[in-house]
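Colleague: Under the working numbering, the first residue of the sequence shown carries the number 34, and numbering increases by one thereafter. Right, I'll just put the structure down here and ask away after.
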Amino acid sequence: MLRNPALPDRGRPQPSRGAFGSRDRLADYFDELLARIREIRASEARVYQRIREIFALACDYREGEEETHIFFATMQNKMHFAAAGMIAAEIIRRRADATQSNMGLTSQRIKYIPRRVPCSGRG
């Protein structure tokens with residue numbers, strides 16, 4: 034497993050053969066790591082919520098307008114860039130893989146994505 038400087042390693046336990054206790058320690062380590070990742074994602078959502086609340090206080094805020102949408106899209110891209118060094122479109126392009134089913138999509142709203150029947154271009 035590669036170490037991520039954003040998640041400092043607190044002494045990852047090494048599994049030893051035949052030692053049942055060490056496997057429990059390794060499982061605990063991964064449970065803790067999962068909890069930390071969830072905490073980071075939750076804090077990211079809170080930051081984005083605060084940005085939305087602050088922007089809603091502006092005198093020129095109008096919900097549903099194009100300028101509002103552009104502002105939030107720009108802010109979200111800035112957050113993606115701060116976290117990953119790429120904007121959303123670059124992340125999608127890098128992760129897309131034509132050799133996998135559904136281009137390597139890892140989450141979707143529906144279970145099955147239907148294939149479209151090719152058209153000849155006529156009505």
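Even for Gly, the Cβ is constructed at its ideal location relative to N, Cα and C.
(1) Can the beta-carbon of F114 be found closer than 8 angstroms to that of F104?
(2) Any idea what DSSP makes of S140, helix, strand or coil?
(3) According to DSSP, is M119 helix, strand or coil?
(4) Give the C-beta separation of M112 and Y81 to the nearest angstrom, bearing in mind that I take them to be a contact with Cβ-Cβ under 8 angstroms.
(5) Which term fits M136, buried or exposed, when burial requires 16 or more other beta carbons within 10 angstroms of its beta carbon?
(6) Once DSSP output is grouped into helix, strand and coil, what is the label at C91?
(7) How many Å lie between F63 and A129 at the Cα?
Modeller: The short version:
(1) Contact check for F114 against F104 fails: the beta carbons are separated by 8 angstroms or more.
(2) S140 falls in the coil class under three-state DSSP.
(3) Of the three classes helix, strand and coil, the one that applies to M119 here is coil, per DSSP.
(4) Yes, they are in contact, since the Cβ atoms of M112 and Y81 sit about 7 angstroms apart, within 8 angstroms.
(5) Classification for M136: exposed.
(6) What sits at residue 91 in the sequence shown is Ala, not Cys. It is coil, neither helix nor strand.
(7) Answer to the nearest angstrom: the Cα atoms are 27 angstroms apart.
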